[in-house]
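Going line by line, the protein sequences match chains S and L.
Each residue of the first sequence is one higher than the one before, counting from 1 in my numbering.
Each residue of the second sequence is one higher than the one before, counting from 1001 in my numbering.
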Amino acid sequence: MTATIFLQQIINGASLGSLYALVAIGYTMVYGILRLINFAHGDLLMFAAYAAIYGSTLFSLPWFISFPLAVVATAAMGILLDRAAYRPLRDAPRISLLISAIGASFLLENLALVVIGGVPKGFPRPSVFDQVISVGELRIQIMTIVTPVMTIVLLMGLLYIVHRTKIGKAMRAASKDFETTRLMGINLDWVIAVTFLLGSALAAAGGVMWAMKYPQVNPFMGVIPGLKAFIAAVLGGIGSIVGAVVGGFLLGLGEILIVAFVPELALYRDAIAFLILILVLLFRPTGIMGEPMIDKS
Amino acid sequence: MLEIKDINVYYGGIHALKGVSVEVKQGQVVTLIGSNGAGKSTTLRSIVGLVKPRSGSVKFEGEELTRLAAHKIIRRGIGVSPEGRHVFPNLSVLENLELGAYHQSPKNFSADLEWVYSLFPRLKERQRQLSGTLSGGEQQMLAFGRALMSRPKLVLLDEPSLGLAPLVVEEVFKTIRAINRQGATVLLVEQNAVAALKVAHYAYVLETGRVILEGVGEELLQDERVRGAYLGE
Chain S
1 MTATIFLQQI INGASLGSLY ALVAIGYTMV YGILRLINFA HGDLLMFAAY AAIYGSTLFS
61 LPWFISFPLA VVATAAMGIL LDRAAYRPLR DAPRISLLIS AIGASFLLEN LALVVIGGVP
121 KGFPRPSVFD QVISVGELRI QIMTIVTPVM TIVLLMGLLY IVHRTKIGKA MRAASKDFET
181 TRLMGINLDW VIAVTFLLGS ALAAAGGVMW AMKYPQVNPF MGVIPGLKAF IAAVLGGIGS
241 IVGAVVGGFL LGLGEILIVA FVPELALYRD AIAFLILILV LLFRPTGIMG EPMIDKS
Chain L
1001 MLEIKDINVY YGGIHALKGV SVEVKQGQVV TLIGSNGAGK STTLRSIVGL VKPRSGSVKF
1061 EGEELTRLAA HKIIRRGIGV SPEGRHVFPN LSVLENLELG AYHQSPKNFS ADLEWVYSLF
1121 PRLKERQRQL SGTLSGGEQQ MLAFGRALMS RPKLVLLDEP SLGLAPLVVE EVFKTIRAIN
1181 RQGATVLLVE QNAVAALKVA HYAYVLETGR VILEGVGEEL LQDERVRGAY LGE
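As structure tokens, then:
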């Protein structure tokens, strides 16, 4: 393997990993506050992809309008999800919340199946993203570069919100102690809604870019990326935003490099990801950057 | 200012408060004393909406609180220092104090912060430190100071002396006196009956969910039943 090919693979891995990272952030944020694995999170990718398609085809909006609109619609969907499926169970045992999440996921998938149909739709990828730039012998599609750059930009924005703004402070407080957060005069439901808004918006950005990378949109397209992102979140240390990003990049790089070095394993790449999940849960359940698990009352 | 009338609270099948009535007048320090499980904390939690009484009423400045959400009750002008301090360990001292002023307009913030720092100079020294790394006494100061950051009309303090060194306990009670002189009304829940009765204008003694005795602080201090039960005489 030449250095050029190796570098090419690194870039591909980072590109895939950045998508996992974007989605993983949503898992980790919701887990950080509600101690809930939001299994419907992956389906928001699908929702965003369809929203972008309809924005582009039905309303013939240019991509730079329809894509951000899809993000907004998905963020609203995330808030609705919390409102309908999770908020009524705020005081219920956590297992009820988990079951509700699984139910919400099936609901979204099957609703899409009924309303839109199971035939995959092509994604209208804007031609700007198809252009190829050459650096020496390296040939890189714009799309491949855009995703990691976008991820880093969004991550910076998110870290700014979490660490420098008032609502971010309330989110960090809520992640430790619901009751005392309310005793500060903070509306907890609002804080949780904002958490879903941010996580869902990032998932939407991930979903639109995923659909540009693999332009086949169907009602179950969110399942595998959702699960992979969940693995990334656990690998990085669930509850930690930076951990989710690190986990996402590691998983993406790992997958691409394994396939590149040992092509015989290409078919097993999903299996390997799940093997990583099991190993992390067995030997280091707090992941790379996670804090020791605390059970929140 | 605060009027609790005949509240009944149940935890599942347990009847935790059996018709408790407590009144706090403007400018007073009122204390609830009693042993573990007597219902002192439950009374405080009912005021701020963390538990909902099955019957009875809680009125603050004439307004019924039992139907309001906790954050709305707090915004009426109540500051709480919860039992066990509950500082946010992942936030700095300053950030904890900022959360205490969360629902206040930012223009008063620096004046309020200076006031709290003047009461607890240690907090200023440690303002950049993560509050999880503070000592128990410092965490208590922080919880107390955080409750004051919104310049509350009524301050609720739940066991502020629990587990602290005698010198620190003294400082806590000194501060209660100081803020009371500056106009704050205080409702204090304490197991340390002597110290609480000394600082209080009026006191209620709770036992298994009932008020069994009430009166002026100094007088209760002389009461034989109180001395027998809480002062070990």
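Glycine included, every Cβ here is placed at the ideal spot set by N, Cα and C.
Classify A1016/L as buried or exposed, calling it buried when 16 or more other Cβ atoms lie within 10 Å of its own Cβ. buried
Anything in chain S within Cβ reach of N1090/L, meaning under 7 angstroms, just list it in chain order. R172 and K176
Closest Cβ-Cβ distance between S297/S and chain L: below 8 angstroms? The predicted position of S297/S is uncertain, since its pLDDT is 48 and thus under 50; a value taken from the coordinates is nonetheless stated next. By this cut-off, S297/S is not an interface position.
Minimum Cβ-Cβ distance from S1150/L to chain S less than 8 angstroms: yes
For the candidate residues G55/S, Y27/S, F39/S and A205/S, whose alpha-carbon lies nearest to that of P124/S? G55/S
For the candidate residues E1218/L, V1168/L, A1070/L and K1072/L, whose alpha-carbon lies nearest to that of H1201/L? E1218/L
Determine, using beta carbons only, whether L235/S and I278/S come nearer to each other than 8 angstroms. no
Here's the rule I'm using: 16 or more other beta-carbon atoms within 10 Å means buried, otherwise exposed. How should V1189/L be labelled? buried
State yes or no: is the beta carbon of H1015/L nearer than 8 angstroms to at least one beta carbon in chain S? no
Distance between beta carbons of V1051/L and A1143/L, contact taken as under 8 angstroms: A1143/L to V1051/L, Cβ: 20 angstroms. No contact.
From the DSSP secondary-structure annotation, give me the bridge partner or partners of V1022/L. I1004/L
Of the residues that make up the region 1065 to 1089 of chain L, which ones have a beta carbon closer than 7 angstroms to any beta carbon in chain S? A1070, H1071, I1074, R1075, V1080, P1082, H1086, F1088 and P1089
Rounded straight-line distance, which links the Cα of V259/S to that of Y50/S: 30 angstroms
Using the Cα positions of V1024/L and T1185/L, report the straight-line distance between them to the nearest angstrom. 8 angstroms
Range of the contiguous beta strand (DSSP E) that encloses R269/S: Taken as a continuous stretch (DSSP letters only), R269/S belongs to no beta strand (DSSP E), being part of the alpha helix (DSSP H) at R269 to F283.
Are the beta-carbon atoms belonging to G78/S and S240/S less than 8 angstroms from one another? no
Integer Cβ distance of G207/S from L45/S, believed to fall under 8 angstroms: 3 angstroms
To the nearest whole angstrom, what separates the beta carbons of L1123/L and P1089/L, a pair I think is in contact under 8 angstroms? No, L1123/L and P1089/L are not in contact; Cβ-Cβ is about 15 angstroms, not under 8 angstroms.
Keeping to the same chain, check which residues put their C-beta closer than 8 angstroms to that of V1058/L; ignore five residues upstream and five downstream. L1002, E1003, I1004, K1005, I1007, S1046, I1047, E1064, L1065 and T1066
At what residue ranges does the region 1143 to 1221 of chain L contain a whole run of the alpha helix (DSSP H), taking only runs of 4 or more? 1166 to 1181 and 1193 to 1199
Residues of its chain near E255/S, where Cβ-Cβ distance is below 6 angstroms and the 5 sequence neighbours each way are ignored: R269
Residues of its chain near D1223/L, where Cβ-Cβ distance is below 8 angstroms and the 5 sequence neighbours each way are ignored: L1213 and G1215
Enumerate in chain order the residues of its own chain whose CB-to-CB distance from R1146/L is below 6 angstroms, with the five nearest sequence positions on each side excluded. N1096, L1097 and G1100
Under 8 angstroms, with one C-beta from each stretch per pair, do the region 169 to 179 of chain S and the region 137 to 154 of chain S reach the 3-pair mark? no
Count the other CB atoms within 10 Å of the CB of R1126/L; is the residue buried (16 or more) or exposed (fewer)? buried
Proximal chain S residues relative to G1100/L, where beta-carbon distance stays under 7 angstroms: M184
Could you say which of L1197/L, G1209/L and R1210/L lies nearest to L1221/L if we only look at CA atoms? L1197/L
How is the alpha helix (DSSP H) around F106/S delimited, first residue to last? R94 to V115
Kindly list the residues whose CB is nearer than 7 angstroms to the CB of V242/S, restricted to its own chain and excluding five residues on each side of it in sequence; keep chain order. M289
If the cut-off is 7 angstroms on Cβ atoms, which residues from the region 1029 to 1056 of chain L count as contacting chain S, listed in chain order? V1048 and L1050
Our contact map puts L197/S next to A75/S with C-beta atoms below 8 angstroms; I'd like the distance itself, whole angstroms only. 5 angstroms
Measuring only the C-alpha atoms, how far is A204/S from I1078/L? 41 angstroms
List in chain order: all unbroken alpha helix (DSSP H) runs of 4+ residues lying wholly within the region 116 to 201 of chain S. 142 to 164, 166 to 174 and 178 to 183
Just to confirm the assignment, what range does the alpha helix (DSSP H) spanning G13/S have? A3 to L34
Using a Cβ-Cβ distance under 8 angstroms, would E1125/L count as near chain S? no
Should K1018/L and G1209/L be called a contact, given that it needs their Cβ atoms to be closer than 8 angstroms? yes
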